[in-house]
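Since the structure comes first, as structure tokens, the remarks are kept for the end.
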Amino acid sequence: ELKVEQNPLFLSMQEGKNYTIYCNYSTTSDRLYWYRQDPGKSLESLFVLLSNGAVKQEGRLMASLDTKARLSTLHITAAVHDLSATYFCAAVRRGSNYKLTFGKGTLLTVNP
Amino acid sequence: DVKVTQSSRYLVKRTGEKVFLECVQDMDHENMFWYRQDPGLGLRLIYFSYDVKMKEKGDIPEGYSVSREKKERFSLILESASTNQTSMYLCASSHARNTGELFFGEGSRLTVL
Numbered sequence: 001e002l003k004v005e006q007n008p009l010f011l012s013m014q015e016g017k018n019y020t021i022y023c024n025y026s027t028t029s030d031r032l033y034w035y036r037q038d039p040g041k042s043l044e045s046l047f048v049l050l051s052n053g054a055v056k057q058e059g060r061l062m063a064s065l066d067t068k069a070r071l072s073t074l075h076i077t078a079a080v081h082d083l084s085a086t087y088f089c090a091a092v093r094r095g096s097n098y099k100l101t102f103g104k105g106t107l108l109t110v111n112p
Numbered sequence: 001d002v003k004v005t006q007s008s009r010y011l012v013k014r015t016g017e018k019v020f021l022e023c024v025q026d027m028d029h030e031n032m033f034w035y036r037q038d039p040g041l042g043l044r045l046i047y048f049s050y051d052v053k054m055k056e057k058g059d060i061p062e063g064y065s066v067s068r069e070k071k072e073r074f075s076l077i078l079e080s081a082s083t084n085q086t087s088m089y090l091c092a093s094s095h096a097r098n099t100g101e102l103f104f105g106e107g108s109r110l111t112v113l
């Protein structure tokens, strides 16, 4: 059974600071996904990482994937208030093309 | 842009009622999913479908059934709603031969009294 663990689950940071959210998964997976959810809204896709060593960046967010360590990171650079949201990572068990397993989410609050 | 539309944003039902949650996608995706989201538990997969009339149980199928009579539409059915089914229900779809990226609807918040 694939398990996905995120940490931290709660993160309060000041504007301008850097931080990293970690996503570990328990069995072999070739793909890792990051989503953002604003309060009362649905999930919005941020990044899709499809191979070992993949790195993707969008604005102040950068995601990477290390399949050997079964680890993905979401790095936040110089946080701003607009990044406040819940961030989810999800993995797909190898051989299961369809079913994403999600972590419990990281609630990020960026304070002025 | 992919559009996944869920028929009801908010529903209030009584224990024992039959509940239908409808989801429609307009991008010809083969795969469709129903998740429920609860505080502290994240998203959990209820059922998914990889083709018309095909379905497969997810991690928490008990108390739910699904129907996929047309490619664009995937329905979640609660035969006899119970209070522990009060939750946010999220429908999603994906292309079978692409990256597996899910596209989500806006969600249906169900309260069972």
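First to last, the protein sequences are chains A and B.
Just so you know, we're using our numbering here: the first sequence kicks off at 1 and counts up by one.
Just so you know, we're using our numbering here: the second sequence kicks off at 1 and counts up by one.
Backbone N, C-alpha and C fix where the C-beta goes; we use that ideal spot for every residue, glycine too.
query	result
DSSP three-state assignment for residue 2 of chain A, whether helix, strand or coil	coil
Residue 70 of chain A: contacting residues in chain B (beta-carbon distance under 7 angstroms)	Simply none; closest approach about 17 angstroms.
Contact list for the region 47-63 of chain A against chain B, Cβ threshold 9 angstroms	48, 50
Interface flag, residue 135 of chain A vs chain B, CB-CB below 8 angstroms	The structure shown has nothing for residue 135 of chain A, since chain A only spans 1 to 112.
Contact list for residue 113 of chain A against chain B, beta-carbon separation under 8 angstroms	Because residue 113 of chain A is not part of the residues shown, which for chain A are 1 to 112, the question remains open.
Rounded separation between residue 73 of chain B and residue 10 of chain B - CA only	19 angstroms
The region 9-26 of chain A touching the region 71-85 of chain A, judged by at least three CB pairs closer than 8 angstroms	yes
Segment contact, 8 angstroms Cβ cut-off, at least three pairs: the region 96-112 of chain A with the region 60-70 of chain B	no
Residue 74 of chain A - containing beta strand (DSSP E), residue span	71-76
Under 8 angstroms from the C-beta of residue 48 of chain B: neighbouring residues of chain A	98, 99
Selection of the region 57-70 of chain B by Cβ proximity to chain A, strictly under 9 angstroms	58, 59
Of the residues A/58, A/3, A/45, the one placed nearest residue 27 of chain A, counting alpha carbons only	A/3
Cβ of residue 106 of chain B within 8 angstroms of any chain A Cβ	yes
Among A/13, A/101, A/14, A/57, nearest to residue 88 of chain A - alpha-carbon criterion	A/101
Test: residue 17 of chain A CB closer than 8 angstroms to a CB of chain B	no
Exposure of residue 20 of chain B, with buried meaning 16 or more beta-carbon neighbours within 10 Å	exposed
Best match in A/110, A/31, A/98 for proximity to residue 53 of chain A [C-alpha to C-alpha]	A/31
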